[in-house]
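> After the C-alpha coordinates below, expect a handful of questions from me.
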Amino acid sequence: VYGALTFLGVKSGGFIENPQNGTEILSVLSREFFGTAGPVLLALIFFIACFNVCVGLICSCAKFFSEKFSAFTFDQWRWILTLWSFIISILGLDAIIAISSPILSVIYPVAIAIIVLNLMPFAFLKKPLLQRAAVILALIFGFSSI
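Take a look at the structure:
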(Lines of atoms letter the chains of each structure in order from A and count residues from 1; the text may use other names and numbers.)
(Lines give C-alpha, C1' and ligand atoms only; values in the text may rest on other atoms or scores of the structure.)
Protein backbone atom coordinates (compact mmCIF):
# COMPACT_ATOMS: atom_id res chain seq x y z
CA VAL A 1 0.00 0.00 0.00
CA TYR A 2 2.71 2.49 0.96
CA GLY A 3 4.70 1.64 -2.15
CA ALA A 4 1.65 2.31 -4.33
CA LEU A 5 0.97 5.60 -2.55
CA THR A 6 4.60 6.63 -3.00
CA PHE A 7 4.40 5.74 -6.69
CA LEU A 8 1.23 7.83 -7.09
CA GLY A 9 2.84 10.74 -5.28
CA VAL A 10 5.92 10.64 -7.52
CA LYS A 11 3.88 10.36 -10.73
CA SER A 12 1.42 13.11 -9.77
CA GLY A 13 3.85 15.96 -10.35
CA GLY A 14 2.17 17.00 -13.60
CA PHE A 15 -1.35 16.98 -12.17
CA ILE A 16 -0.97 19.23 -9.13
CA GLU A 17 1.14 22.31 -8.55
CA ASN A 18 2.35 22.56 -4.93
CA PRO A 19 -0.06 20.17 -3.20
CA GLN A 20 -0.71 20.94 0.47
CA ASN A 21 -0.67 17.29 1.57
CA GLY A 22 -1.26 13.73 0.42
CA THR A 23 -5.01 14.10 0.75
CA GLU A 24 -5.08 16.67 -2.02
CA ILE A 25 -2.97 14.44 -4.27
CA LEU A 26 -5.23 11.42 -3.73
CA SER A 27 -8.38 13.47 -4.32
CA VAL A 28 -7.14 14.89 -7.61
CA LEU A 29 -5.76 11.54 -8.80
CA SER A 30 -8.95 9.67 -7.95
CA ARG A 31 -10.96 12.15 -10.02
CA GLU A 32 -8.40 11.98 -12.84
CA PHE A 33 -8.35 8.16 -12.98
CA PHE A 34 -11.98 7.32 -12.17
CA GLY A 35 -13.93 10.44 -13.18
CA THR A 36 -16.67 11.77 -10.93
CA ALA A 37 -16.97 8.39 -9.17
CA GLY A 38 -13.31 8.59 -8.08
CA PRO A 39 -13.74 10.78 -5.01
CA VAL A 40 -16.74 8.71 -3.90
CA LEU A 41 -14.73 5.50 -4.30
CA LEU A 42 -11.79 7.04 -2.43
CA ALA A 43 -14.08 8.18 0.39
CA LEU A 44 -15.61 4.72 0.65
CA ILE A 45 -12.19 3.03 0.77
CA PHE A 46 -10.93 5.41 3.44
CA PHE A 47 -14.13 5.13 5.45
CA ILE A 48 -13.93 1.33 5.57
CA ALA A 49 -10.20 1.27 6.34
CA CYS A 50 -10.26 4.04 8.94
CA PHE A 51 -13.46 2.85 10.58
CA ASN A 52 -11.96 -0.61 11.16
CA VAL A 53 -8.80 0.86 12.66
CA CYS A 54 -10.74 3.34 14.82
CA VAL A 55 -13.08 0.71 16.24
CA GLY A 56 -10.16 -1.59 16.99
CA LEU A 57 -8.09 1.12 18.65
CA ILE A 58 -10.95 2.56 20.67
CA CYS A 59 -12.04 -0.86 21.94
CA SER A 60 -8.53 -2.07 22.76
CA CYS A 61 -7.62 1.20 24.50
CA ALA A 62 -10.93 1.19 26.40
CA LYS A 63 -10.24 -2.37 27.55
CA PHE A 64 -6.72 -1.46 28.66
CA PHE A 65 -7.80 1.70 30.49
CA SER A 66 -10.79 0.01 32.15
CA GLU A 67 -8.44 -2.66 33.53
CA LYS A 68 -5.77 -0.19 34.67
CA PHE A 69 -8.04 2.64 35.84
CA SER A 70 -11.25 1.23 37.24
CA ALA A 71 -12.82 4.65 37.86
CA PHE A 72 -14.57 4.26 34.50
CA THR A 73 -16.14 1.19 32.93
CA PHE A 74 -15.26 -0.19 29.51
CA ASP A 75 -18.31 1.51 27.96
CA GLN A 76 -17.47 4.83 29.60
CA TRP A 77 -13.90 4.62 28.31
CA ARG A 78 -15.24 3.89 24.82
CA TRP A 79 -17.35 7.04 24.95
CA ILE A 80 -14.48 9.13 26.34
CA LEU A 81 -12.06 7.91 23.68
CA THR A 82 -14.61 8.34 20.90
CA LEU A 83 -15.35 11.92 21.99
CA TRP A 84 -11.64 12.67 22.31
CA SER A 85 -11.01 11.26 18.81
CA PHE A 86 -13.84 13.37 17.41
CA ILE A 87 -12.43 16.53 18.99
CA ILE A 88 -8.95 15.78 17.63
CA SER A 89 -10.35 15.07 14.15
CA ILE A 90 -11.82 18.57 13.97
CA LEU A 91 -8.29 20.01 14.00
CA GLY A 92 -7.66 18.72 10.48
CA LEU A 93 -4.93 16.58 8.95
CA ASP A 94 -2.21 19.24 8.86
CA ALA A 95 -2.65 20.11 12.55
CA ILE A 96 -2.75 16.45 13.58
CA ILE A 97 0.48 15.78 11.66
CA ALA A 98 2.12 18.88 13.17
CA ILE A 99 1.21 17.70 16.68
CA SER A 100 2.03 14.02 16.23
CA SER A 101 5.28 14.27 14.23
CA PRO A 102 7.53 15.37 17.12
CA ILE A 103 5.99 12.77 19.44
CA LEU A 104 6.39 9.97 16.91
CA SER A 105 9.94 11.09 16.09
CA VAL A 106 10.87 10.34 19.70
CA ILE A 107 8.78 7.18 20.15
CA TYR A 108 9.66 5.35 16.90
CA PRO A 109 13.43 4.98 17.49
CA VAL A 110 12.76 3.65 21.00
CA ALA A 111 10.17 1.18 19.71
CA ILE A 112 12.51 0.01 16.96
CA ALA A 113 15.36 -0.45 19.47
CA ILE A 114 13.14 -2.51 21.78
CA ILE A 115 11.90 -4.67 18.89
CA VAL A 116 15.42 -5.26 17.57
CA LEU A 117 16.65 -6.15 21.07
CA ASN A 118 13.85 -8.67 21.46
CA LEU A 119 14.76 -10.25 18.13
CA MET A 120 18.35 -10.78 19.31
CA PRO A 121 19.54 -14.07 20.75
CA PHE A 122 18.45 -14.86 24.29
CA ALA A 123 21.83 -13.88 25.77
CA PHE A 124 21.19 -10.21 24.99
CA LEU A 125 17.89 -10.21 26.85
CA LYS A 126 19.62 -10.98 30.15
CA LYS A 127 21.71 -7.82 29.94
CA PRO A 128 19.63 -4.92 31.28
CA LEU A 129 22.55 -2.53 30.88
CA LEU A 130 22.59 -3.20 27.14
CA GLN A 131 18.83 -2.69 26.92
CA ARG A 132 18.97 0.57 28.84
CA ALA A 133 21.88 1.84 26.74
CA ALA A 134 20.05 1.02 23.51
CA VAL A 135 16.86 2.74 24.65
CA ILE A 136 18.74 5.82 25.93
CA LEU A 137 20.68 6.04 22.66
CA ALA A 138 17.43 5.72 20.71
CA LEU A 139 15.90 8.48 22.87
CA ILE A 140 18.88 10.73 22.16
CA PHE A 141 18.51 10.15 18.41
CA GLY A 142 14.75 10.67 18.69
CA PHE A 143 15.04 13.97 20.53
CA SER A 144 17.82 15.17 18.22
CA SER A 145 15.52 14.73 15.22
CA ILE A 146 12.92 17.17 16.54
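To get the numbering used here, take the position in the sequence shown, counting from 1, and add 28.
All residues carry an ideal CB built from backbone N, CA and C; glycine is no exception.
1. Applying the criterion that 16 or more other CB atoms from any shown protein chain within 10 Å of the CB defines a buried residue, is L54 buried or exposed?
2. Quick test of your reading: P47 and R59, contact by CB under 8 Å. State the CB separation rounded to the nearest angstrom.
3. With a cut-off of 8 Å on the beta carbons, I'd call F43 and L33 a contact; round off their distance for me.
4. Can you list, in chain order, the residues of its chain with a C-beta nearer than 7 Å to that of S94? Leave out the 5 residues immediately preceding and following it.
5. Report the three-state DSSP secondary structure of A71 (helix, strand or coil).
6. Given that a residue counts as buried once 16 or more other Cβ atoms are within 10 Å of its Cβ, and exposed if not, what is P137?
7. Output the distance between the C-alpha atoms of I115 and K154, rounded to the nearest integer angstrom.
For this structure:
1. Counting from 1 along the sequence shown, the entry for residue 54 is found at position 26. Counting Cβ neighbours within 10 Å, L54 comes out buried, since at least 16 surround it.
2. Here residue 47 refers to the residue found at position 19 when the sequence shown is read from its first residue. Here residue 59 refers to the residue found at position 31 when the sequence shown is read from its first residue. Going by Cβ atoms, the distance from P47 to R59 rounds to 14 Å, so no, they are not a contact pair.
3. The residue you call residue 43 lines up with position 15 of the sequence shown. The residue you call residue 33 lines up with position 5 of the sequence shown. Going by Cβ atoms, the distance from F43 to L33 rounds to 15 Å, so no, they are not a contact pair.
4. The count along the sequence shown starts at 1 and reaches residue 94 at position 66. Here the set comprises F100, T101, F102, W105.
5. Taking the first residue of the sequence shown as 1, we reach residue 71 at position 43. The answer is helix: DSSP assigns A71 an H, G or I state.
6. Here the question's residue 137 lines up with position 109 in the sequence shown. Under this definition P137 is a buried residue.
7. Within the sequence shown, numbered from 1, the residue matching residue 115 stands at position 87. Within the sequence shown, numbered from 1, the residue matching residue 154 stands at position 126. Computed Cα separation, rounded: 44 Å.
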